Amino acid sequence: QGAGSVCPSCGGPALEERALLLEIAKQQILEGLHLTSRPRITHPPPQAALTRALRRLQPGGMAPGNGQEVISFATITGSSTSTCSSMLTFHLSVPQSYHLHHARLWLHVPATLPGALYMRIFQWGPRRRHGRSHTLLAEHQMTTPGWHALTLPSSGLKAEESGVLKLQLDCRLLDGNSTAAGQPRQLLDTAAHQRPFLELKIRANGPGTGRTKRR
Amino acid sequence: TPTCEPETPLCCRRDRYVDFQELGWRDWILQPEGYQLNYCSGQCPPHLAGSPGIAASFHSAVFNLLKANNPWPAGTSCCVPTARRPLSLLYLDQNGNVVKTDVPDMVVEACGCS
């Protein structure tokens, strides 16, 4: 309909067909993603990190059913020199009730690694009166530089109500010659495009999930 | 599904492609670049009632009922989607996480008369 006429069903200004179609597309996509409005990205991840994430998610393997595959980049706090005692904080936007069936923590070990690296990963629980609990999730040994995908027990991993997930790293060199110069070395890369990230496969717990499991 | 020439008045699938750039959403929808927002429209005269463009047997059952009863039923038949497929999206959520998910029944593949 031409400009200036009134929309017969909603009484608003009649939109040209193309504009109407774009509005419908926006509504359809937001509904399909269960969003009320489009996300406002304040801190987009670095392009190089995104490229790696897209490569990680690319090959087929779509999350089954009403599932999602998520790549979450870590915010790193703790010791600035040795990232071996860093706290990795992840902010997940998970559905109210969900089932996590695959979890891997990706870490980048620098080429200057002087020897084998022994790593323990703890999950820090939500803040309680007597402080935070922390649970040992996994132990790994890394002997080569580059990316390492450390599998985490999906049953043990649970984000807080707010979607925050905190992992504490505790690593040391096995042959211990890193202190030769008296200074702890950078045993993990955390620069922008080598920032640690979590790769998760999540399935929202729909009403029928329980029945399916029982069946 | 009858092929859809622009001037076809009969029920068929109208194909429309929407580019996410046109929505101004390429900053958070990483892949794909757009999708087919197809929809069904057109007339469903009685002889096309129940012709879902796929399973003719349903059509013939309705047709026989029409013949056995009166040829001009009170109810009308509508042009509706009869086959749809999911759309796989890769997008950034508000925390900057990369999320890959299948949105079910997003793309209309076939139309027919109810």
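First to last, the protein sequences are chains L and X.
The opening residue of the first sequence carries number 7 in my numbering; numbering runs sequentially from there.
The opening residue of the second sequence carries number -6 in my numbering; numbering runs sequentially from there.
All residues carry an ideal CB built from backbone N, CA and C; glycine is no exception.
Everything numeric in this text was worked out from a predicted model, so none of it was measured.
Using a beta-carbon distance below 8 Å, is Arg114/X in contact with chain L?
Not covered by the structure: residue 114/X. The range shown for chain X is -6 to 107.
Is the segment 203 to 212 of chain L touching the segment -3 to 11 of chain X in the sense that three or more CB pairs, one from each, lie closer than 8 Å?
No, because fewer than three Cβ pairs between the segment -3 to 11 of chain X and the segment 203 to 212 of chain L fall closer than 8 Å, the two stretches do not touch.
Identify every residue that forms a DSSP beta bridge with Ser78/L.
The count along the first sequence starts at 1 and reaches residue 78/L at position 72. According to DSSP, Ser78/L bridges with Leu204/L.
Please state whether DSSP places Cys4/X in a helix, a strand or coil.
Here the question's residue 4/X lines up with position 11 in the second sequence. Coil.
Taking a contact to mean a Cβ-Cβ separation below 8 Å, would you say Arg201/L touches Ala80/L in this structure?
For this step, residue 201/L is matched to residue 195 along the first sequence. For this step, residue 80/L is matched to residue 74 along the first sequence. Closer than 8 Å, so yes.
Among residues of its own chain, excluding the 5 on either side of Leu180/L, which ones have a beta-carbon nearer than 8 Å to its beta-carbon?
Counting from 1 along the first sequence, the entry for residue 180/L is found at position 174. Only Gly121, Ala122, Leu123, Tyr124 and Gln147 meet the Cβ criterion.
First and last residue of the beta strand (DSSP E) that includes Gln174/L?
Mapped onto the first sequence, residue 174/L falls at position 168. It spans Val170 to Leu179 - the beta strand (DSSP E) in which Gln174/L sits, taken as one unbroken run.
Listed in chain order, which residues of the segment 1 to 23 of chain X have Cβ atoms closer than 7 Å to some Cβ of chain L?
Flagged, chain order: Arg9, Val11, Glu15, Leu16, Trp18, Asp20, Trp21 and Leu23.
Spell out whether any CB of chain X is found under 8 Å from the CB atom of His108/L.
On the first sequence, position 102 is the one that residue 108/L refers to. Judged by the 8 Å Cβ criterion, His108/L is not in contact with chain X.
With DSSP collapsed to three states, give me the class of His97/L.
Here the question's residue 97/L lines up with position 91 in the first sequence. Strand at His97/L.
Can you check whether the CB of Leu83/X is closer than 8 Å to the CB of Leu30/X?
Position 37 of the second sequence, counting from 1, holds the residue named residue 30/X. Position 90 of the second sequence, counting from 1, holds the residue named residue 83/X. Not closer than 8 Å, so no.
Would the segment 88 to 98 of chain L count as touching the segment 146 to 164 of chain L if we require 3 or more Cβ pairs under 8 Å?
They do not touch, by the three-pair rule.
Report the rounded CA-to-CA distance for Arg19/X versus Ile47/L, giving the unit in angstroms.
Here residue 19/X corresponds to residue number 26 of the second sequence, with the count starting at 1. Here residue 47/L corresponds to residue number 41 of the first sequence, with the count starting at 1. Cα to Cα, Arg19/X sits roughly 12 Å from Ile47/L.
Tell me whether Thr185/L sits in a helix, a strand or coil according to DSSP, three-state version.
For this step, residue 185/L is matched to residue 179 along the first sequence. Its pLDDT being 44, under 50, Thr185/L is placed unreliably by the model, and the measurement read from it follows with that caveat. The answer is helix: DSSP assigns Thr185/L an H, G or I state.
Start and end of the alpha helix (DSSP H) containing Ile47/L?
On the first sequence, residue 47/L is found 41 positions in, with the first residue counted as 1. That residue, Ile47/L, is in no alpha helix (DSSP H); it is neither H nor E in DSSP.
Distance check for Gly17/X and Cys71/X, CA to CA, integer angstroms please.
As a working note, residue 71/X is residue 78 in the second sequence. As a working note, residue 17/X is residue 24 in the second sequence. One C-alpha to the other measures close to 34 Å.
Any beta carbon from chain X within less than 8 Å of Ser38/L's own beta carbon?
Counting from 1 along the first sequence, the entry for residue 38/L is found at position 32. Per the sequence shown, residue 38/L should be read as Gly rather than Ser. Yes, because at least one Cβ of chain X sits closer than 8 Å to the Cβ of Gly38/L.
Anyone know if the C-beta pair for Leu204/L and Ala109/L falls short of 8 Å?
The residue you call residue 204/L lines up with position 198 of the first sequence. The residue you call residue 109/L lines up with position 103 of the first sequence. Going by C-beta atoms, Leu204/L is nearer than 8 Å to Ala109/L.
Return helix, strand or coil for Pro39/X, following the three-state DSSP convention.
By 1-based counting over the second sequence, the position of residue 39/X is 46. Helix, per DSSP.
Output, in chain order, the set of chain L residues within a Cβ distance shorter than 9 Å of Gly35/X.
Position 42 of the second sequence, counted from the first residue, corresponds to residue 35/X. Here the premise fails: no neighbours, minimum Cβ distance about 16 Å.
Note the first and the last residue of the continuous alpha helix (DSSP H) segment covering Glu102/X.
Along the second sequence, one-based indexing puts residue 102/X at 109. Taken as a continuous stretch (DSSP letters only), Glu102/X belongs to no alpha helix (DSSP H), being part of the beta strand (DSSP E) at Val91 to Cys106.
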